[in-house]
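K.L.:
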Ligand code: CNA
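Residue numbers (our numbering): 5 to 269.
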């Protein structure tokens, strides 16, 4: 069975910038937020004191709807072929689910913005209200605690969702091929997943550059497809002879774009 490990790079074609690409990545655009250090935007302590920078960033990331990319639909194709054991994603944009990937096959290791809780009392909050606040970059406050409400994305120092740890054994026991797409693999513990496959299990890496986090862990069985993951995945689909099946999903993607008034490439 196959495990796909994904990062921000797979959503770049949807219009959501990644973190670490110099120039376009979100970390290189954080000057305008007046942060003590870039990671402060995802620090719980800082958020409790000043939630505005996070809401401003989140409004740019999640204040509108995005079209899942070809890579998201490729993962869906693997699921339809019953060869996908799991997609571990570091992304918080929920585009995997939007592309129709079933919940049991998806692990959102860093959470998702689609549910929200108060950072103090832990109450689950109304998501429609949260989306309004996100759209306006206006922090939503808990009426009980007068502290900010946070979308359920994992901030630095917070534990990862239980679901992440519940399945992790399968990486060593059941994975016959690991495909890594669009990640610099710099965030623990997700970046450790590639170390956990059996030594003879091939790892296909599809990324703009060799992921920094894997520089010291190269193996003869690894394959690196360098470049834009959208075009590389289409190449792969063609090589595998899956073009026709992929076209059906591309039609579905077109329908999604039409329904949500989104531009399509
Ligand atoms: P990252 O560290 O920003 O790395 C992204 C990687 O993708 C880099 O190696 C890029 O070179 C590569 N890349 C960018 N665009 C493409 C492309 N079109 N084709 C191929 N490769 C590309 O992001 P990671 O995901 O590795 O880091 C984990 C962080 C990023 C997680 O905590 C996420 O929550 C967070 N993040 C998520 C989103 C999202 O949900 N869409 C957006 C930005 C950041």
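Ideal Cβ positions, reconstructed from N, Cα and C, are used throughout, including at glycine.
1) How would you write the range of the alpha helix (DSSP H) that residue 175 sits in, first residue to last?
2) Where residue 28 and residue 108 are concerned, what is the direct C-alpha to C-alpha distance, given to the nearest angstrom?
3) With a threshold of 8 Å on Cβ separation, who are the neighbours of residue 223 within its own chain once the five nearest residues in sequence on each side are excluded?
4) Checking contacts by CB at 8 Å: is residue 60 closer than that to chain D?
5) List the residues that DSSP assigns as beta-bridge partners of residue 91.
6) Under the three-state reduction of DSSP, which class applies to residue 257: helix, strand or coil?
7) May I have the straight-line CA-CA distance separating residue 128 from residue 246, to the nearest angstrom?
8) Is residue 71 near the ligand CNA, judged by its Cβ being under 7 Å from some heavy atom?
9) Classify residue 25 as helix, strand or coil using the three-state DSSP reduction.
10) Measure the beta-carbon distance from residue 67 to residue 96 and round it to whole angstroms, keeping in mind my assumption that it falls under 8 Å.
11) Here's the rule: buried if 16 or more other CB atoms are within 10 angstroms of the residue's CB, otherwise exposed. What is residue 10?
12) Please name the residue in 146, 90, 16 whose C-alpha comes closest to that of residue 176.
13) Counting pairs of beta carbons, one from the region 178–195 and one from the region 211–222, are three or more of them closer than 8 Å?
14) Once you ignore the five residues that flank residue 61 on each side, which residues in its own chain have a CB closer than 6 Å to its CB?
15) Can you tell me whether residue 235 is buried or exposed, with buried defined as 16 or more other CB within 10 angstroms of its CB?
16) Return yes when at least one heavy atom of the ligand CNA lies under 7 Å from the C-beta of residue 196, else no.
17) Going by DSSP, what residues sit across from residue 230 in a beta bridge?
18) Report the rounded CA-to-CA distance for residue 256 versus residue 190, giving the unit in angstroms.
19) Counting only the same chain and skipping the five closest in sequence on each side, list residues whose C-beta sits under 6 Å from that of residue 168.
20) Please classify residue 100: is it buried, with 16 or more other beta-carbons within 10 angstroms of its beta-carbon, or exposed?
21) Below 6 Å CB to CB, which residues in the same chain sit around residue 30 once its five sequence neighbours on both sides are set aside?
22) Roughly how many angstroms separate the alpha carbons of residue 196 and residue 165, rounded to a whole number?
23) Would you call residue 286 buried or exposed, if buried means 16 or more other Cβ atoms sit within 10 Å of its Cβ?
24) Who does residue 47 pair with in a DSSP beta bridge?
25) From the DSSP output, which residues share a beta bridge with residue 145?
26) Whole angstroms are fine: how far does the CA of residue 34 sit from the CA of residue 123?
27) Rounded to whole angstroms, what's the CA-CA distance from residue 39 to residue 159? Just pull it up for me.
P.N.:
Once the coordinates are examined:
1) 173–178
2) 33 Å
3) 203, 207
4) Going by chain labels, chain D is absent from the structure shown, which holds only one protein chain.
5) 8, 110
6) helix
7) 42 Å
8) no
9) coil
10) Not quite, the Cβ-Cβ distance comes to about 14 Å (not below 8 Å), so this is no contact.
11) buried
12) 90
13) yes
14) 45
15) exposed
16) no
17) 211
18) 33 Å
19) 111, 113
20) buried
21) 21, 23
22) 16 Å
23) Because the chain is modelled from 5 through 269, residue 286 falls outside the range shown and cannot be assessed.
24) 160
25) 152
26) 23 Å
27) 16 Å
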